[in-house]
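First the structure, in the form of structure tokens, and then the observations on it.
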Amino acid sequence: MNFNDKVIYQIYVKSFMDSNGDGLGDIAGITSRLSYLEKLGVDYLWLTPVFVSPMNDNGYDVADYRKIDPSFGTMEDLENLIKEAKKRGMGIMLDMVFNHTSTAHEWFQRALQGNPKYKDYYIFKKGADGAPPTNWESKFGGNAWEYVPQFDEYYLHLFDKTQADLNWENEEVRKELYDIVNFWLNKGVSGFRFDVVNLISKPDLFENDALGDGRRFYTDGPKIHQYLKELNRNSFGQKEDSLTVGEMSSTSLENCVRYSNPSEKELSMVFNFHHLKVDYEKGDKWSLKPFDFQELKDIFDHWQTGMQEHQGNMALFYNNHDQPRVVSRFGHDKKYHKESAKMLATSIHMLRGIPYIYQGEEFGMTNAYFTSIHEYRDVESTNYYEILRKEGLPEERILEILQAKSRDNGRTPVLWNDEEGRGFTHGTPWIPFAKGPSVSAEKDLNESDSIFSYYQKLIKLRKTNPVIQEGSYEILEKDHPSLFCYVRALGEKKVLVLNNFYDQEEAFSLKSHGFPPVDEKKVRLLLSNYKELCIKDEKICLRPYESVI
Ligand code: TEU
């Protein structure tokens, strides 16, 4: 099935809406906000993991894939959400974390007791000369192997040490996972996100890397395509209309084409993160660097053209629960808050692919602006705080880096209104509210030029224009220092998208790109984030952060 007319909304459950006053978002909270989501016009709601978990990584450490964590509610709550969402034309997508389980999972506990069947569910290896099997670093800092004294062996954990990697080589493991997907399909779930799914196939040989970076050994690993085809065939592939998206860490275009080209029968679409590393200094996330606009465009262009040429399908996004808020990152969250929020939305929604909106983005939520380490909750942030301290960085510098880079920037509770508890909770929120510019859903919705209404229009444009769903993509003014411009084309129709990423006025000449002048008949304004089109000397002038479609 083709999903090009669909828009997906991501819900970080813990921070979306608290229905019972314990300070934690929950499933019943989501149900209570369905009319808001229906009004926005989205088709699917992707829920981050709601399964039983010790919550060391906020649910990405699953201890039971078939049960709802009590902090999020009950199975009945989820069934009710599926039913109520369906009434409003929305499907529910669940987040399947299949690269690893929590060490609290029964399988791992049995493995620790020495049960050979379950030990083979994980990746246990002998050390080498008193050191771990390899020098690979975990994504959350430190070595990726944890020592288990009773076996004199180590188990692999690419993420936290409480997230043990599963052994996909073991057919029993793969079958267990298919059954889990089928269990949820039978509950009426419409789709799935598969967490870091391109890391599941590990190499035959575990070797050291000169710099301790093991990524080249396990990223898009040797049997990855075989495993995904098998997963497809044995579970969601049997339901034609289920939507699947794979989260692909440090992946390649070539592999993403295979993951998402329908003829390969693997997944419906893929996330990749190359465009979100353009503010990393030499690949290091824990550094500060203004984002490289040219690099951002080059990456978009490379992926748009490559995926189009080979019929791959891209998930389009800037925000999620692992990323700082884009309006604070590539936009201007103070002086041009509204303009830049809308411009960034335009730049991504009009591309070829399927757009994702992350909770709060639709009314311009910003970074957290925390000033003390005690405000952070994320395991990656607190680990790196310690690591950077040990490296000798001054406290203020570390806090400055966290302020820009921490995953908690995207995890503060949704600001529904201006009351105490911000419409999110009647209790104490599990993490402080964002301290940035004051925004709220209610405030935004009350304004005639709300960011929310702009998102509604973008969604409507996609739904009513086949050219946005199916059209080809081509970049214009490739090297322009401030503009990201592209054309989508289908048959006789063309949609021209102009985005100014900076606060200086720029101009775009229709004529020199072969377009007729703006008039009622041939060239029509579809949408802009400014009130009226500005034309000077037969050129479209693009004011600070202006978008014109
Ligand atoms: O994220 C995978 C991932 O690649 C990021 O966590 C990334 O490593 C990190 O942001 C680096 O800065 C997925 C989930 O989205 C994330 O929340 C989980 O923590 C992770 O997998 C482990 O399950």
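For what it's worth, the numbering used here labels the leading residue of the sequence shown as 29, then goes sequentially.
The beta-carbon is built from N, C-alpha and C at its ideal position, and this holds for glycine as well.
{"Check": "Quick check on DSSP: helix, strand or coil for G274?", "Outcome": "strand"}
{"Check": "Per DSSP, what kind of secondary structure is K488 in: helix, strand or coil?", "Outcome": "helix"}
{"Check": "Just to confirm the assignment: which complete beta strand (DSSP E) runs, minimum length 3, are found wholly within the stretch 361 to 434?", "Outcome": "382 to 386"}
{"Check": "Is there contact between the stretch 443 to 458 and the stretch 524 to 541, where contact requires at least three CB pairs shorter than 8 Å?", "Outcome": "no"}
{"Check": "Per DSSP, what kind of secondary structure is D237 in: helix, strand or coil?", "Outcome": "coil"}
{"Check": "For T337, report the span of its beta strand (DSSP E) as first-last.", "Outcome": "Before going further, note that residue 337 is Glu rather than Thr in the sequence given. No beta strand (DSSP E) holds E337; the alpha helix (DSSP H) holding it covers F321 to E337."}
{"Check": "Is V209 helix, strand or coil when you go by DSSP?", "Outcome": "helix"}
{"Check": "Among L62, G464 and W314, whose alpha-carbon lies nearest the alpha-carbon of T399?", "Outcome": "G464"}
{"Check": "To test your reading of the DSSP string, which unbroken beta strand (DSSP E) runs of 3 or more residues are found completely within the stretch 242 to 304?", "Outcome": "271 to 275 and 297 to 299"}
{"Check": "Return yes when the C-beta of S296 is under 8 Å from any heavy atom of the ligand TEU, and no when it is not.", "Outcome": "no"}
{"Check": "Are R353 and S500 close, meaning C-beta to C-beta below 9 Å?", "Outcome": "no"}
{"Check": "Any idea if K418 is buried or exposed, counting beta-carbon neighbours within 10 angstroms, 16 or more meaning buried?", "Outcome": "exposed"}
{"Check": "Measuring CB to CB, does D97 end up less than 9 Å from T129?", "Outcome": "no"}
{"Check": "Taking 8 Å as the line, does the beta carbon of E275 fall inside it for any heavy atom of the ligand TEU?", "Outcome": "yes"}
{"Check": "Find the nearest neighbour of D329 within the set L65, C513, D85 and N108, judged by alpha-carbon distance.", "Outcome": "C513"}
{"Check": "Classify H541 as buried or exposed, calling it buried when 16 or more other Cβ atoms lie within 10 Å of its own Cβ.", "Outcome": "exposed"}
{"Check": "What's the gap between the Cα of Q38 and the Cα of G53?", "Outcome": "14 Å"}
{"Check": "Taking 7 Å as the limit between beta carbons, can you name the residues of its chain near K167, skipping five residues before and five after?", "Outcome": "L186 and F187"}
{"Check": "Would DSSP call I479 helix, strand or coil?", "Outcome": "helix"}
{"Check": "Under a three-way DSSP split, which group does K564 fall into?", "Outcome": "strand"}
{"Check": "Looking at the secondary structure, which residues open and close the alpha helix (DSSP H) in which E174 lies?", "Outcome": "First-last for E174: W173 to V176, but that is the beta strand (DSSP E), not the alpha helix (DSSP H)."}
{"Check": "Checking 9 Å against the spacing of the C-beta atoms, do K230 and G249 come in under that value?", "Outcome": "yes"}
{"Check": "Do N348 and G438 have their C-beta atoms within less than 9 Å of each other?", "Outcome": "yes"}
{"Check": "Within the same chain, show all residues whose beta-carbon is closer than 8 Å to that of V467, passing over the 5 residues directly before and after it, in chain order.", "Outcome": "H365, F391, G392, M393, T394 and L443"}
{"Check": "With 16 as the cutoff for other CB atoms within 10 Å, does Y40 come out buried or exposed?", "Outcome": "buried"}
{"Check": "On the DSSP bridge list, what partners appear for L570?", "Outcome": "E534"}
{"Check": "Do you know offhand how far M83's Cα is from P441's?", "Outcome": "17 Å"}
{"Check": "Between the stretch 219 to 227 and the stretch 274 to 284, are three or more C-beta pairs nearer than 8 Å?", "Outcome": "yes"}
{"Check": "Could you tell me the distance, in whole angstroms, from the CA atom of Y287 to the CA atom of H338?", "Outcome": "11 Å"}
{"Check": "Looking at L281 and I228, is the spacing between their C-beta atoms short of 9 Å?", "Outcome": "no"}
{"Check": "For N30, is the classification buried or exposed, using 16 other Cβ atoms within 10 angstroms of its Cβ as the cut-off for buried?", "Outcome": "exposed"}
{"Check": "To the nearest angstrom, report how far apart F321 and H508 are at their CA atoms.", "Outcome": "10 Å"}
{"Check": "Counting along the chain, where does the beta strand (DSSP E) carrying T129 start and finish?", "Outcome": "H128 to S130"}
{"Check": "Note down the Cα distance separating A517 from R490, rounded to an integer number of angstroms.", "Outcome": "13 Å"}
{"Check": "Between L324 and the rest of its own chain, which residues show a CB-CB distance below 7 Å, the 5 nearest in sequence each way excluded?", "Outcome": "H303 and V306"}
{"Check": "Could you check the C-alpha separation between Y182 and P161 for me, to the nearest Å?", "Outcome": "7 Å"}
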